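Read in this note's numbering, the sequence shown has 665 at position 302, and its numbers run on one by one without any break. Using N, Cα and C, we set each Cβ at its ideal position, and we do this for glycine too. Keep in mind it's a predicted model, so treat the numbers as computed, not measured.
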Amino acid sequence: MSQEETLRIIPLGGLGEIGLNMMLIEYGDSAIALDCGVMFPEAAMLGIDLVVPDVTYLRERPGRLCGLVCTHGHEDHIGAFPFVARELPVPTYATPFAQALLENKLDEHELDVPIERFRAGDSWRIGPFEIEAVHITHSIVDAVALAIRTPLGTIVHSGDFKFDQTPLDGVPSDISRLAALGSEGVLLLLSDSTNVERPGITPSERSLIKNFEAVFARARGRVLVSTFASHLHRIQQVIDVSARAGRRVAVAGRGMVTNLAIGQELGYLRVPPGVLVELGEVRQVPPERLTVLTTGSQAEPLSALTRIATNDHRQVVLEPGDTVIFSSRIIPGNERAIADVTNHLYRRGAEVLHEHVASLHVSGHASQSELALMLQLTRPRYFVPVHGEYRHLARHCALAAEAGVPSAHCFLLEDGDVLEIDGAGVRRGEPVIAGRVFVDGKGVGDVGDIVLRDRRHLSDGGIVLVILALNQHSGDLVSGPDLISRGFLAEEESQVYLDRAREVVLEALAGLAPESRTVPAEVKEEVRKALRRHFKRTLDRRPVILPVVVEF
Ligand SMILES: [Zn+2]
Ligand SMILES: [Zn+2]
């Protein structure tokens with residue numbers, strides 16, 4: 364028998380936070396990456412658009428990465444792809460829906476990397492690894508778990524999953540395949556920890572139908588539904604319930620329009636003829652005959668729903684009697700922004716329904732009983748929880764022990780930790796560089812403006828602080844804008860530029876609808892966008908721009 368190499372499990376992201384998912388599986392000096400996701404910036408990360416995984420480990424080892432496999436098309440799994448692909452252009456594999464989303468990203472970033480399409484049930488080889496895709500249910504179509512056969516045994520990665528017994532498309536998770544893998548013998552299970560704190564079973568997507576029907580039956584005016592644009596099954600439900608209620612459906616927000624087109628083209632979305640109506644024609648549809656599907660479920664600045672809420676949307680103008688549904692979970696950190704948008708929606712006279720008011724959203728992640736079932740089906744020798752904050756990972760280790768995996772075989776790894784397995788057994792290896800890299804410039808839509816920064820280099824372009832005070836009811840400027848810079852320009856010349864920049868800020872504010880000026884996130888985004896463009900054009904500089912909005 365040939366000399367065995369060491370198998371290494373190296374999380375570069377996603378273990379210790381929600382988002383940023385990227386897992387390396389390495390055998391000898393060949394590695395594959397599973398997913399490469401973003402994390403949305405926390406409020407404390409001022410001036411940052413996106414957070415992507417640090418791939419220094421791979422950069423310092425050219426030729427090591429042989430392929431990238433995406434488990435599904437959520438941003439926390441594919442969002443960093445353009446940034447990773449630019450540095451490490453390796454063969455990339457994705458299911459059809461994820462492939463379409465990845466190709467959109469490549470277009471946006473003007474990159475050309477071929478993406479191989481696979482489907483659940485397919486098997487293929489990458490370097491020393493034999494990959495098999497296993498269908499699982501999640502809050503996006505075309506999600507898979509992966510079985511990765513290595514010379515030392517089979518690794519199962521659950522992907523993001525739930526065991527929905529009555530999924531909308533009628534195709535439940537391939538439980539029998541998972542059980543068969545368990546019978547063959549699983550060396551290591553990596554499993555989704557997101558909902559490990561929730562007892563029982565996550566409700567089926569189908570359980571929402573009657574709740575949507577009840578809301579639609581009661582609604583006197585328009586119904587607006589905001590959800591993730593990638594959630595095709597949720598979108599399908601809204602379209603079906605609308606059609607049955609005699610409503611036409613309009614679509615607001617670029618991501619929603621794009622994904623609706625992709626979903627229809629790939630056959631994942633069936634829209635009855637005559638149901639869709641152009642946004643430009645919604646004014647001719649009586650309110651009680653109209654549904655609007657919209658982006659903005661996290662109250663993202665500049666999103667369609669935020670614009671509608673602040674009466675700043677050209678086609679959709681809310682009226683008393685309209686109903687707005689947030690059919691999504693609140694991503695931690697967005698509570699304040701969502702509360703702000705909700706206040707504005709009520710100001711328009713709309714009724715707002717979200718997860719605390721009505722059951723119009725179910726999670727896409729497995730709860731405790733389903734996680735235990737995954738462990739019992741695969742019966743792994745070793746277990747590493749993934750996709751969660753530290754508390755989720757710790758709780759999942761405890762659950763695995765209850766489900767029969769010996770505690771000494773459960774490993775709580777964080778980003779950069781290394782688990783080594785060879786003929787002699789398992790042990791922790793030397794940690795590697797891993798962490799967060801900040802991306803500044805996504806919002807501009809201009810590729811030249813994308814700047815990758817890590818914490819050490821954050822000050823390269825200098826920093827410009829913009830402080831302004833606004834009346835929280837009228838949106839009027841109370842004081843400022845005051846601009847302060849550090850490391851940006853020499854002090855004597857900087858004043859001239861900052862005076863001009865101040866004018867740019869005033870122009871940006873004047874361009875916003877009055878009610879938009881009462882939404883701090885909206886103001887900040889607009890100010891950053893305008894200044895970024897201005898400094899790029901006049902100075903070819905990219906300082907970090909930190910708008911601070913004080914409300915009076
Ligand atoms: Zn997901
Ligand atoms: Zn995820």
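Go ahead and pull the three-state DSSP assignment for Y631. coil
Whether D392 touches T434 by CB criterion (7 Å): no
For P459, collect the residues of the same chain with a Cβ closer than 8 Å to its Cβ; drop the 5 residues on either side in sequence, then sort them by chain order. R480, R482, D505 and L629
Express the C-alpha separation of P562 and K573 in angstroms, rounding to a whole number. 23 Å
Do F444 and L465 have their C-beta atoms closer together than 7 Å? yes
When you compare only the Cα positions, how much space is there between E752 and E777? 9 Å
Using CA coordinates, which residue listed in F591, G548 and L541 is at the minimum distance from I503? Of the listed residues, the one whose Cα sits closest to I503 is F591.
Quick check on this structure: which residue in R711, T369 and L552 has the alpha carbon closest to the alpha carbon of V749? L552
Could you check if G874 is buried or exposed, using at least 16 other CB atoms within 10 Å of its CB as the buried criterion? Taking all protein chains shown into account, G874 has fewer than 16 neighbouring C-beta atoms within 10 Å of its C-beta and is therefore exposed.
Please work out which residues of its chain come closer than 6 Å, Cβ to Cβ, to G808, disregarding the five sequence neighbours upstream and downstream, and give them in chain order. Bear in mind that a pLDDT of 39 at G808, under 50, signals an unreliable position, so the number given afterwards is only what the model happens to contain. Excluding positions up to five away in sequence, the list is empty.
Going by other Cβ atoms of all chains shown within 10 Å of its Cβ, with 16 needed for buried, is V913 buried or exposed? exposed
If you follow the beta strand (DSSP E) that H703 is part of, which residue opens it and which one closes it? Checking the sequence shown, residue 703 turns out to be Asp, not His. Per DSSP, D703 belongs to no beta strand (DSSP E); it is in the alpha helix (DSSP H), E698 to R710.
Would you call the stretch 728-735 and the stretch 576-583 in contact, with 3 or more CB pairs under 8 Å? The stretch 576-583 and the stretch 728-735 do not touch, with fewer than three beta-carbon pairs separated by less than 8 Å.
Taking L642 and A615 to be in contact with their CB atoms under 8 Å, please state how far apart those CB atoms are, rounded to whole angstroms. 6 Å
Just checking H437 against ligand 1 - is the residue's beta carbon closer than 6 Å to any of the ligand's heavy atoms? Relative to the non-hydrogen atoms of ligand 1, the Cβ of H437 comes within a distance shorter than 6 Å of at least one.
Chain-order list of residues whose beta-carbon lies under 6 Å from that of T705 (same chain, five-residue window excluded): V715
CB of S690 within 7 Å of CB of N558, strictly: no
Delimiting residues of the alpha helix (DSSP H) encompassing D785: Counting along the chain, D785 falls outside any alpha helix (DSSP H), though it belongs to the beta strand (DSSP E) covering L782 to D785.
Assuming V640 contacts I373 under a Cβ cut-off of 8 Å, what Cβ separation, rounded to an integer in Å, is found between them? The C-beta separation of V640 from I373 comes to about 50 Å, leaving the pair out of contact by the 8 Å criterion.
Which whole-angstrom value describes the C-beta separation of I499 and S536, a residue pair presumed to lie in contact below a C-beta threshold of 8 Å? I499 to S536, Cβ: 4 Å. Contact.
Let me confirm a value: V886 is counted as buried when at least 16 other C-beta atoms fall within 10 Å, else exposed. Which label applies? buried
Closest by C-alpha distance to G426, when choosing among V418, T419 and A394: A394
Return the CA-CA distance between E878 and D439, expressed in angstroms with no decimal places. 32 Å
Relative to the alpha-carbon of R490, which residue among S660, L431, A496 and L474 has its alpha-carbon at the smallest distance? Inspection of the sequence shows that residue 490 is occupied by Gly rather than by Arg. Closest option to G490, Cα to Cα, is L431.
Just mark Q360 as buried or exposed, buried being the case when its beta carbon has 16 or more other beta carbons within 10 Å. Past the boundaries of the shown model lies residue 360; the chain is included only from 364 to 915, so the question cannot be answered.
Going by CA-CA distance only, name the one from A853, D845 and P906 that's closest to V802. P906
In its own chain, which residues sit with a C-beta less than 8 Å from the C-beta of Q600, not counting the 5 before and 5 after it? L531, E568, L571, I572 and F575
Look at the alpha carbon of L370 and the alpha carbon of L378, and state the distance between them as a whole number of angstroms. 19 Å
Any heavy atom of ligand 2 closer than 6 Å to the Cβ of D523? yes
Could you tell me the distance, in whole angstroms, from the CA atom of P635 to the CA atom of H472? 34 Å
Among A662, E547, L656 and L782, nearest to H596 - alpha-carbon criterion: L656
Hey, K899 and H728: beta-carbon distance below 7 Å or not? no
How should V588 be labelled, buried or exposed, when 16 other C-beta atoms within 10 angstroms of its C-beta is the threshold for buried? When all chains shown are included, V588 counts as buried.
Excluding the 5 residues preceding and the 5 following V648 in the sequence, name in chain order all residues of the same chain whose CB lies nearer than 7 Å to its CB. R611 and V640
Apply the 10 Å Cβ neighbour rule to V829 and answer buried if 16 or more other Cβ atoms are within range, or exposed otherwise. buried
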